[in-house]
Every structure is written in structure tokens, then in C-alpha cells.
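Protein chains: 2
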Amino acid sequence: MNSPRSRPTVFDVARSAQASIATVSRVLNGRAVADQALVDRVRAAARELGYRPNTVARDFRHGVTRTIGVVVPDLANPFFPDVLKGLAHDLTASDHRLLIADCNEDPDEELRLVGELSGRCDGIVLCSPRMSTQSLDVVAGWGIPLVCTNREVEGLPFGTVGIDSAMGMRQAVEHLAALGHRDIGYLAGPSSSWSDRGRRAGLEAAAQERGVRVVIVGAGSTSHAGHVVLPELLNRNVTAVLAFNDLVALGALARLRELGLDVPAAISVVGFDDIPVAAFLGPALTTVTVPKHDLGVRAGAMLRQLLVDRALARRERLPSSLVVRESTGPPPRDIAT
Amino acid sequence: MNSPRSRPTVFDVARSAQASIATVSRVLNGRAVADQALVDRVRAAARELGYRPNTVARDFRHGVTRTIGVVVPDLANPFFPDVLKGLAHDLTASDHRLLIADCNEDPDEELRLVGELSGRCDGIVLCSPRMSTQSLDVVAGWGIPLVCTNREVEGLPFGTVGIDSAMGMRQAVEHLAALGHRDIGYLAGPSSSWSDRGRRAGLEAAAQERGVRVVIVGAGSTSHAGHVVLPELLNRNVTAVLAFNDLVALGALARLRELGLDVPAAISVVGFDDIPVAAFLGPALTTVTVPKHDLGVRAGAMLRQLLVDRALARRERLPSSLVVRESTGPPPRDIAT
DNA sequence: AGATACTCAGAAAACGTATTCTTAGGGTAA
DNA sequence: TTACCCTAAGAATACGTTTTCTGAGTATCT
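Chains A and B, in that order, are what the protein sequence lines are.
Numbering-wise, this note's numbering puts 18 at position 18 of the first sequence, and it's gapless, one number per residue.
If you want this note's numbering, it's the 1-based position in the second sequence plus 1000.
Encoded structure:
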């Protein structure tokens, strides 16, 4: 009755159980308390009052939240949920909670979110960070344990776990070249995306090796972008299209269908990421698959290491590989033939 | 040097600026401080030391976190990111942070997550909760402001914002009936889903009205489920398939393609939710569209009301409507004709 | 000119918890 | 039997912040 509406505290429980707050705390946290009757009294009082420990006060006292924050550029991209599930798998197993935030592909918002999360979390996972190198420097100054996925940073005490996208790109190019393609278009991702630079470099290296021409046009990371930009590529006489990711490929496929161009008879399409829907499309999408779940698991494991010793930051790289489905085939026979 | 590695506190700033901690706090929070030189000293000291206020301590002191937690059954379902973006839109505008958690369609995990979030947040949004009514009672006992989407609860002080799915279902049935369909199959969602019951009821009511037969088989909420279960429906002589959601429809479409059945010539397919990929499929999916973004915005607005007065809990319902694309058409002419 | 009101910044308290410190009591050993 | 040690639980403290309280100095009004 003393405090009409506010939550009961250890003090209330102590008073009700005729014990000290220290005893209440000890009982409720499983510390050794000798007198069984006392233990029972405290337990009963806590249950009676519906006592729930104040999480914020507890975290404050401990100086630790057992919570990990993760920032993704766009939750609507089906790539990330798989990574998140991997992360959750690893982190909840070690009694950590997972807090997810979406920055909408906005580098400033991303920095802001990291700032806020860093105050409430013990560590942070940055998925495919879009922010500038300067911003990453700022974040490093905050000294919070952090691991980046899909981006390697130089000279910063961050763990990184990335994808060897050149590997998959090489396989894609070789697959297309073997089918007879000599002119490949690339629908590039957001300029702020580190992944895009890696994929593009891998593509160009493999293309040069196999003597195939590559035409690059800027698209983005969404189906809409792929849908809008695809025609630019058609004007450049390519017989196959590689997309920055599956979403972009999906948009390209839709546009090709509207244009009456059959895939793969008239033109081949290759995606990247192997998002869950890719296999269900018609035609099923040939794409580069990456170990998304593992990516999350590895990021979680690395972050846990960083939690015990900040100096353990390492860089890791996971493989990628082409999975051939129905959206690729030989180029159409030249009309002049 | 006193504290070698730990973060600087107001105390450090005060000492460095030769001011009191009260003054430091006032300056840093924009409270009135008269002496400009003092203000400058404090600001300079804070910048110099790289002082960042301890968020947990601040939240503890305030008893408020300005943070909203949201639990979704499955982030991999493209329905939810749209809702989340609506929520974020509303909530960040009112200076609230958004914390997202994924319970993997597990009702127990869902309850657990709500318990954890409730300790760190001022309010919670439960998206399409899968937990039992008893569990909801437990949550109600915790007394945290909460709003449910896609589920209406009786006698609990929760706000709810749902979808009038009967509306869309009626339109879907009428559309199919007008095309000549008399036998419709329904790929039902998870049994724990309140939405499924609503959609099923709407479907059955509309079907009875229009004199069409409806066959129900249990599927789930994933493409995989739709892919696996679809054949069961084919044995029951239906000419059109309604799916619990677009993901299930996607799986059904893939299975039909494998079976060599043309959509919509041989069979029609209708989804639910209108997830972003639906429009990009081949054939583009006829589906029931729901105002996902609005759903999030309304949930956010309602929760903000609850934050100021717990008694303001209201129930709201948003419309749904059919969007006709390419996956529906007249039933095939009877072979016997 | 004197007293009162007001302003400004420092001192101190409070939030709820976990834990260290303290004290009282009992048991054991010399 | 006394002294010492150990145990068990209560008292007190600290975590970092915000805010109320307080006291001193200045200005204003009569």
C-alpha cells in the first residue's frame, strides 16, 4: 500500500518475508542461504508479490547487459534474416539476447543506430555496413566489441567475417563462358556497398581471364532497381546478366518477361545470395550461394571471443559457390548466322 | 589515470572542468546554466575525455528507456519487414528506439522474448502472436503496455490492430466464382495462427454464400509447406487454390510448374499478404493485399497512446482487398464436355 | 539602506540491485 | 572453560545519472 502502483522491489519482498534485501537477493540468485525456512519465506513472498527483478537496475549494477545488437541495412532483403537466425542460434546458446535494428540502407542512420545500441549492448554485429570509413573510425573510438560481416576493414580492432565472393563470381563466369557467352552484363549494387566492389572485382578478373566482355550498369539492391535498369543492359548486346543480388535478378527477370524475352533461351540470368525464394521462381534462379546461416554463427562466435578479449579480433572468410538452376543456358544463335 | 581503462563518467568530466557533477549534467542536457565560461569548460572537458553518458545508468535513473520492443514469429517472412518499417517510421519520429526479436514461430520462445524485452522496453508490439491465451494472460499480469497485431484478444488490456481478412477473402471468392470456379482448395496456415482462423472463417462464409465448395488441407506458413502439401489438394478436384499467405502460394506455384500444370490455364492460385516479390513472379501472383506499412504505423501510434495512459487500449481493424494479377483465370473446360 | 526575493551552482539524495563488510552467534579445540 | 574461528544473515556501499535541496551571493523594492 505504501507504493500504490509501482512494481515491487527487493525491499518490498524483504519486508514481506521479514528478511534483509541481501538475503532476498541471495535467495533469488541461487546463492547459498542456510535456513530453509527463510528461503521458503522469501520465495513465497516474491511469488505472492509478483516480484520481477528490474532488468535495467540489474544491468546497471553489473555493468553488463548480456545483449548483442545487430544492425542490418534492410530487413526486407531476405538475405539478412538467414544471417540473423544463425546469429541468434549461436548467441542465445551462450545466454545472450539479440537486438535487431534496421537502418534502411542509410549510412547516417546506421551510425546513429550503432551509437544507441552500443549503450545498451555488450557487443555489436554490423551486417554489410554501408557507413564510410571515417564513420567506422568513430565507432572504433567508442571501443565497443564489434564484428563486421561482408566487409573487411583495415587497421581497426574489429572482427570481420566475410564472403569470398570472387570464388562464386569466377564460377559464374566460367559457367557462362562454357555455355558460350562472350558478353556479360552486370547490374551493380549500391555504391556504398563494400560487397559490390568485391563482386565486381571478382567478376572483372574472371572475365578478363576467360576473354569475355563485361558491361556494368548501376542498379542498386532492390527488385525495383533491377526492373528499371535492366533495359540499359539490353541496349549493350549482352547475352547474360549477372545481378548484384537475387532481388535485383528478380526484378530483371520480371522485366524480361514483360519484354517477351525468354529466360534462358533469349538471355541468361544469374543472381547472388541464393535467397529462399530463388529456388521457387520460374525459371528457378541460377545464383551464387553463400553460407548465410554459417555467416551468422561465425560472427556470433567471433563476437563472443571479442567479449572476453578485445585483442582477439580476427578476419575470417567463408566460401561462395555457384548453384546452377534453370535461368542459365546457351546464348541464342546469332541472327546473322 | 585514476581509472585506467574504464569509461569516463560525469565525475571525471566535473573534475577536469573544475565544476560539480550537477553542473556537468545540466550543461550536457541543455538545462539552464548561466556562466558561459563554465558551460564552455564543461563542454570542452567532455569532448576532451570522449565522455559518453552511460545509457543504462540514465535509463535506470529515469525509469524509462524510450525503447519499444517488437516480437515477430519469423523475420524470414517478407510480410513482417514491411510492418516493422511502418512501426519504425512512427516510433522513431517520436524519439523512440525499436528493438526487434524473432521467435521462430515458437510460442514458448515468444513468451520468453516478451519477458526479456519487457524488462528493457517501455512497451511491446506483438506481431501475429502465436502464444496461447493463457500465456497472454501471464503477459498481461506483467502490466507492460502492449499492442497485438493480427490478433484480437478478449478481456485483456492490450491494444489490437488487425486486418479484416474476411473482406479480402470475400473478394477473392467472388473473383474466382465470377470466373466460373466451383471448387476451391485452401492451404491452411499454422494451427497456432489466429489469422488463419479468421481467413478460414471468411473464406467459408463467402464460399457458402456463393455456393462454392471449399476443401481445406493443413500446410503452414512457408513455401516449403505449400510445395509439399499442394498435391493433396489436386486429388480433391479443385480448380483454384487459395493459400494462407504468399509464401505458401509461392511453394504451390513451384510445385504446379514441376507437375507441368499451367497457371492460370490449368489451375488458379491466390495468395495472401501481397509481399514484395508477389508482383515480380511469373505469373504475377493474384493476392489479397493488406496495408502492411499502415499496420505498423497504427500499432506504433496506439502504443504511444498506451504509454501515456494504459486505459486507452482500443481495437482497430484495417481493410484488405484483392489485387488481381496473372495467376487467376477461368477454370479449364471439363474434359467430359 | 535594509530586508526580501531571486538566481546560480554545488551538495546530497535517490533509483534497484548485487556484493562487500560487519557483527553476532555457535561450535570446536586446546 | 575459554579463546578462536567459522558461518550465516543483516547493514552498508557502490554503480552513474538526474534532480531536489540548500546556501550564498546579488539585485530589487520599499
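Beta carbons are placed, not taken as given, at the ideal position from N, Cα and C, and that holds for glycine.
No experiment lies behind these values; they were computed from the predicted model shown.
Rounded to whole angstroms, the gap between the alpha carbons of L38/A and A57/A is 25 angstroms. In the DSSP assignment, V1070/B is bridged to I1100/B, V1125/B.
A Cβ-Cβ contact shorter than 8 angstroms links P283/A with E326/A. At least one C-beta of chain A is nearer than 8 angstroms to the C-beta of D1059/B. In its chain, beyond the 5 residues on either side, L247, L250, G251 have a beta carbon closer than 6 angstroms to the beta carbon of S223/A. Going by DSSP, D1273/B is part of no alpha helix (DSSP H) but of the beta strand (DSSP E) stretching over 1268–1273.
Interface annotation, L1230/B: not in contact with chain A, CB-CB separation never under 8 angstroms. Under the three-state reduction of DSSP, S20/A is assigned to coil, being neither helix nor strand. Among the residues facing chain A, I1021/B is not included, as its CB has no counterpart in that chain under 8 angstroms away.
At a cut-off of 8 angstroms between beta-carbon atoms, T1149/B makes no contact with chain A. Within the stretch 263–274 of chain A, contact with chain B at the beta-carbon level (separation under 7 angstroms) is assigned to no residue. Proximity of R1047/B to chain A, defined by a Cβ-Cβ separation below 8 angstroms, is not satisfied. Bounds of the alpha helix (DSSP H) holding R58/A are 55–62. Non-local beta-carbon contacts of T1065/B in its own chain, meaning distances under 7 angstroms to residues more than five positions away in sequence, involve D1059, R1120, C1121, D1122 in chain order.
Comparing alpha carbon positions, the residue from R182/A, A225/A, L285/A, L303/A closest to T92/A is L303/A. For R314/A, same chain residues with a beta-carbon under 7 angstroms away, outside a window of 5 residues either side, are G159, M302 in chain order. Minimum Cα-Cα distance from P1190/B among the listed residues P1078/B, L1111/B, P1107/B corresponds to P1107/B. Taking the Cα of F1272/B as reference, the smallest distance to any Cα among T1149/B, L1203/B, V1013/B, G1180/B is reached at L1203/B.
In the three-state scheme derived from DSSP, where H, G and I count as helix and E and B as strand, G1296/B is classed as helix.
Residue-level contact check: V1277/B touches chain A, since one or more beta carbons of chain A fall below 8 angstroms from its beta carbon. Looking at the backbone, the Cα of P1291/B and that of S1320/B are separated by about 7 angstroms. Put simply, the backbone Cα of G185/A is about 48 angstroms away from that of V1147/B. Within chain B, the residues placing a beta-carbon under 7 angstroms from that of P81/A are L1075, A1076, ordered along the chain.
Secondary structure in the stretch 1166–1231 of chain B: the alpha helix (DSSP H) runs of 4 residues or longer, each lying completely within the stretch, are 1194–1210 in chain order. I1163/B has L1318/B as its beta-bridge partners, per DSSP. Going by DSSP, A240/A is part of the beta strand (DSSP E) stretching over 240–243. A1034/B and V1013/B do not touch by the CB rule: their CB atoms are close to 19 angstroms apart, not below 8 angstroms.
Annotated three-state conformation of V1277/B is helix, per DSSP. Only E1116, G1119, R1120 from the stretch 1108–1135 of chain B bring a Cβ to less than 7 angstroms from some Cβ of chain A. V1323/B is bridged by DSSP to T1287/B. Under a 10 Å Cβ-count criterion, V114/A is classified as buried, with 16 or more other Cβ atoms of the shown protein chains found around its own Cβ. Straight-line spacing of the CA atoms in V215/A and R1255/B works out to 36 angstroms.
When C-alpha distances from V288/A are compared across V173/A, A219/A, C103/A, the shortest belongs to V173/A.
Annotated three-state conformation of T149/A is strand, per DSSP.
For the 8 angstroms CB-CB criterion, V229/A and V217/A form a contact. Under the DSSP assignment, F79/A falls in the alpha helix (DSSP H) whose first and last residues are 79–93.
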